[in-house]
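> Going by the working numbering, the first residue of the sequence shown is number 91, and it counts up by one from there. Yeah, the Cβ is synthetic: ideal placement off N, Cα and C, and Gly gets one too. First the structure, which I've put down as structure tokens, then a few questions once you've had a look.
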Amino acid sequence: MIESFEPAALRAISAERLEYLSTLVEELFANTHDHARVDENGLAYPLGNMRGIFMRTFEYRARKTESGDDSGPLGRYFAWSSTQKKTHRPSAEENLRRFEKMRPRRESTTAPLVGTRLLEVTVYDTGPGLARRWAAQHAPSVDLQNISIEKEAEYVKACFEMHATTKQSRGYGQGLSSSLEALKALGAFLSLRTGRLFLHQDFSKPNTTKFAPEPWHSRRTELPLIPGTSYTIAIPLSRERE
């Protein structure tokens with residue numbers, strides 16, 4: 091897919107990172123194929139449903155002194171990614187200390203902009219959503235119409251645990267844990283919209299060992315209910331030379 095719309099982006103990805111990316115896309119789409127073609131009760135949708143993959147590349151430009159705090163979670167990730175040098179790279183811990191001392195964008199007006207090329211991958215479906223599917227299989231007595239937002243987040247997190255699955259067949263049981271390994275290896279940023287949740291997690295930060303997403307809007311953790319699930323992943327490809 092990448093070669094069809096931007097061959098240069100494919101050349102910017104090492105063989106190892108391409109393997110992780112392939113694993114990530116394959117597992118996320120296989121999950122939608124296995125779990126999103128029917129509703130939480132296993133019944134086919136009368137009018138069918140949608141599942142798909144969307145990819146694009148884009149460039150984020152920022153000054154080295156910017157923290158991205160005024161641009162929300164994704165802005166902070168972009169700013170953090172732009173600190174990762176290709177020639178001389180300090181340790182992840184040292185980079186994190188430097189990043190935390192950066193100034194908001196509005197205070198940076200004279201430093202030159204540095205571009206970071208990123209690959210964006212979205213895998214989506216219009217199925218029952220992660221929490222509803224999980225609850226139907228593992229907590230059938232729960233009233234899905236009235237679960238709390240905290241319980242919904244708990245069910246979503248459970249989908250990413252090792253040996254977790256909602257597919258009743260032998261040979262399954264890795265949940266989405268392989269996706270977590272790939273996200274960490276790629277230093278990716280994940281946003282996840284499902285049910286009433288809009289979550290995000292930065293996998294480029296050091297010592298990221300588990301799926302521990304946070305609400306995109308810290309003051310508005312519950313959003314209107316939507317069908318299905320949408321994963322959007324941003325992966326840095328390259329950075330301009332300084």
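Helix, strand or coil for C249 per DSSP?
coil
> List the DSSP bridge partners of F119.
Looking at the DSSP assignment, F119 forms no beta bridge with any residue, so it has no partner.
> So, helix, strand or coil for S281, using DSSP?
strand
> Could you give the C-beta distance for L289 and E304, rounded to a whole number, given that I count them as a contact under 8 Å?
7 Å
> Buried or exposed, going by whether 16 or more other CB atoms sit within 10 Å of the CB of T284?
buried
> If you count every other CB in all the chains shown that lies within 10 Å of the CB of A105, and 16 or more means buried, which is it?
exposed
> Relative to the C-alpha of R141, which candidate in G277, L327, G318 and I325 has its C-alpha closest?
Sorting G277, L327, G318 and I325 by C-alpha distance to the C-alpha of R141 places G318 at the top.
> Buried or exposed: E242, going by 16 or more other Cβ atoms within 10 Å of its Cβ?
When all chains shown are included, E242 counts as buried.
> Grab me the residues of R222's own chain with a C-beta within less than 7 Å of its C-beta, minus the 5 sequence neighbours each way, in chain order.
E130, L234 and G285
> For E116, which of E244, S268 and L100 has the nearest alpha-carbon?
S268
> Could you give the first and the last residue of the continuous alpha helix (DSSP H) run that contains L289?
Run containing L289: none in the alpha helix (DSSP H); it sits in the beta strand (DSSP E), L287 to D292.
> So within the region 203-230, which uninterrupted beta strand (DSSP E) runs reach at least 3 residues, ignoring any that extend past its ends?
203-215
> For the alpha helix (DSSP H) holding F301, just list the boundary residues, first then last.
Neither: F301 is in no alpha helix (DSSP H) and is coded neither H nor E.
> Only counting the same chain, and skipping five residues up and downstream in sequence, which positions put a Cβ closer than 6 Å to that of T212?
Taking C-beta separations shorter than 6 Å and ignoring five residues to either side along the sequence, the partners of T212 in its chain run F144 and T322, following chain order.
> For a quick check, are the C-beta atoms of A324 and D215 less than 8 Å apart?
no
> Could you spell out the range, first to last residue, of the alpha helix (DSSP H) harbouring A134?
That residue, A134, is in no alpha helix (DSSP H); it is neither H nor E in DSSP.
> Flag this pair as yes or no: are the beta carbons of F293 and G277 separated by less than 8 Å?
yes
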